[in-house]
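Residue numbers are given in the UniProt record's numbering: position 98 of the sequence shown equals residue 98, and the series is strictly consecutive.
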Amino acid sequence: MYHRPVVKPTCNTCYPTHLGSVDTMRFCASSVGRGSKVNYDQLLALVDKLDQSSLAYIRYEHDGSKVELSKEVPHSQPVSMPAETSSVSSPAIRETTPTVPSVVSDDKLHNETSNDVSESVGVEVLSPMVGVAYLQPAPDKDPYVQVGDRVEAGDVVVIIEAMKIMTEIKAECSGIVVDILVANEELVEYDQPLIRIKEDN
């Protein structure tokens, strides 16, 4: 709501002035030296000047007379359009996103297929207990088996140590070692695959 300018008293001599039918104002005139005081018409002219301008405050001095006028300026609400900007940029991001997973999905599918084929080839030798797996009889000795070695049923392929007791793990079939699934001195669980052998036909 707009308020008409209010005259602020600045001296000891004040004159009541009725401006229109809205507000009753008081303007103050001070005679510092010689000269005439601001009259009613001059005051109205100052009020109109303040009304029509974007100023909130006017101070007028003339021939020793001084008048101060002020008004309340209504604050305009800021206009912002963040939602419209985001709605324009969002579709571009959504359109480009689906192109990336398609390549990753193909690679993942290829790897899973390769693993399935590898796991389907050969017979796994499983650990019968929880313990530490040793792939060689001593640190300075060669491993029991390596990938590509041929083994016969009953050959020792791994030793499992449990409670200071060494248990020999033997191959259950004859064939070629295609994969060693544990590391030397690795802690293994019960029924964990140790070695995979491609059995002879």
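The beta carbon of each residue, even a glycine, is placed where N, CA and C say it ideally should be.
Note that the structure is predicted; figures quoted are calculated from it, not measured.
(message) Our contact map puts Gly-122 next to Lys-198 with C-beta atoms below 8 Å; I'd like the distance itself, whole angstroms only.
(response) 5 Å
(request) Can you grab the Cα-Cα spacing for the pair Tyr-57 / Asn-39, in whole Å? (result) 19 Å
(request) Below 8 Å on the Cβ atoms is my guess for Val-158 versus Ala-138; work out the distance and round it to an integer in Å. (result) Their Cβ separation, rounded to whole angstroms, is 14 Å, which puts Val-158 and Ala-138 out of contact at 8 Å.
(request) Starting from Ala-162, trace the beta strand (DSSP E) both ways and give me its first and last residue. (result) 156-162
(message) Please confirm whether Met-129 has its beta-carbon closer than 8 Å to some beta-carbon of chain B.
(response) Checking the listed chains, one finds no chain B in this structure; it contains a single protein chain.
(request) Determine the contact status of Glu-124 and Arg-196, defining contact as a CB-CB distance below 8 Å. (result) yes
(request) Can you give me the Cβ contacts of Thr-167 inside the same chain, cut-off strictly under 6 Å, excluding the 5 residues immediately before and after it? (result) Ile-160
(message) Looking at the strands, I want to know which residues DSSP matches up with Glu-168.
(response) Ile-159
(message) Counting C-beta neighbours from all protein chains within 10 Å, is the total for Ile-165 16 or more, i.e. buried, or is it exposed?
(response) exposed
(request) Tell me where the beta strand (DSSP E) around Lys-66 begins and ends. (result) 65-70
(request) Specify the secondary structure class of Leu-50 as computed by DSSP and reduced to three states. (result) helix
(request) Give the secondary structure of Ala-153 by DSSP, where H, G and I count as helix, E and B as strand, and everything else as coil. (result) coil
(request) Count the other C-beta atoms from every protein chain shown that fall within 10 angstroms of the C-beta of Tyr-190, then say buried if there are 16 or more, exposed otherwise. (result) exposed
(message) For Ser-87, count the other beta carbons within 10 Å of its own beta carbon; 16 or more makes it buried, fewer makes it exposed. Which is it?
(response) Its pLDDT being 44, under 50, Ser-87 is placed unreliably in this model, and the value from its coordinates should be taken loosely. Per the 10 Å Cβ criterion, exposed.
(request) Please name the residue in Asp-51, Ser-70 and Leu-187 whose C-alpha comes closest to that of Met-129. (result) Leu-187
(message) Between the alpha carbons of Ala-45 and Asp-63, how many angstroms are there, rounded?
(response) 17 Å
(message) Just to confirm, is the Cβ distance from Asp-140 to Ser-174 under 8 Å?
(response) no
(message) To the nearest angstrom, how far is the alpha carbon of Gly-131 from that of Leu-181?
(response) 15 Å
(request) Can you say whether Val-156 is buried or exposed, counting buried as having 16 or more other CB atoms within 10 angstroms of its CB? (result) exposed
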